[in-house]
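Chemist:
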Amino acid sequence: MEPISTGMTFGKVPAATLNASKEDAQLMEVARDLEASFLSEMLKTAGLGKPRESFGGGAGEDQFSSFLRQAQAQEMVKAGGIGLAQTLFEALKEHSVDAF
């Protein structure tokens, strides 16, 4: 009986590569979320979602404007963003490699 090899493969991709790909995907997701949060704050500072002087939507508009800004920021990231997600991804990946 032969010992089980630790280099198992699924199709032609080694198992270790699949785990690394999954971790990279998770890190990229976190980096995109961080970029979206950053962009949302920048949109807030720029005045997006601020109630209008006239014909404002009242308290509801104030309460839900943050959701609108966050959704717009997420769409900006999906469209390519400002490149912050890639920089954050590389920093997070380097940090996670250094941790082990």
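First residue of the sequence shown? That's 0 in numbering that gives the first Met the number 0, and the numbers climb one at a time after it.
Virtual Cβ for every residue (Gly too), placed ideally from N, Cα, C.
For V96 and L38, which I take to be in contact (beta-carbon distance under 8 Å), what is that distance rounded to the nearest angstrom?
Modeler: Here residue 96 corresponds to residue number 97 of the sequence shown, with the count starting at 1. Here residue 38 corresponds to residue number 39 of the sequence shown, with the count starting at 1. Not a contact, Cβ separation roughly 27 Å.
Chemist: Since I believe L26 is in contact with L137 (beta carbons under 8 Å), could you give me their beta-carbon distance rounded to a whole number of angstroms?
Modeler: Look at the range of the chain in this structure, 0 to 99, and you will see that residue 137 is not part of it.
Chemist: Between the C-alpha atoms of E34 and A24, what's the straight-line distance to the nearest angstrom?
Modeler: To locate residue 34, count along the sequence shown from 1; it is residue 35. To locate residue 24, count along the sequence shown from 1; it is residue 25. Those two C-alpha atoms are separated by around 15 Å.
Chemist: Is Q62 near L42, with beta carbons less than 8 Å apart?
Modeler: What you label residue 62 is simply residue 63 of the sequence shown in a count that begins at 1. What you label residue 42 is simply residue 43 of the sequence shown in a count that begins at 1. Contact flag unset, no.
Chemist: Candidates A78, G80, I81, L47: which alpha carbon is nearest S65's?
Modeler: Reading the sequence shown from its first residue, position 66 is the one you call residue 65. It is L47.
Chemist: Helix, strand or coil for G57 per DSSP?
Modeler: Reading the sequence shown from its first residue, position 58 is the one you call residue 57. G57 falls in the helix class under three-state DSSP.
Chemist: So, helix, strand or coil for L47, using DSSP?
Modeler: Here residue 47 is taken as the residue at index 48 of the sequence shown, counted from 1. It is coil, neither helix nor strand.
Chemist: According to the neighbour-count rule (16 or more other Cβ atoms, all chains shown, within 10 Å of its Cβ), is G6 buried or exposed?
Modeler: Residue 6 sits at position 7 when you count from the first residue of the sequence shown. Residue placement at G6 is poorly supported in this model, since its pLDDT is 48, which falls under 50; the coordinates still yield a value, given next. Classification for G6: exposed.
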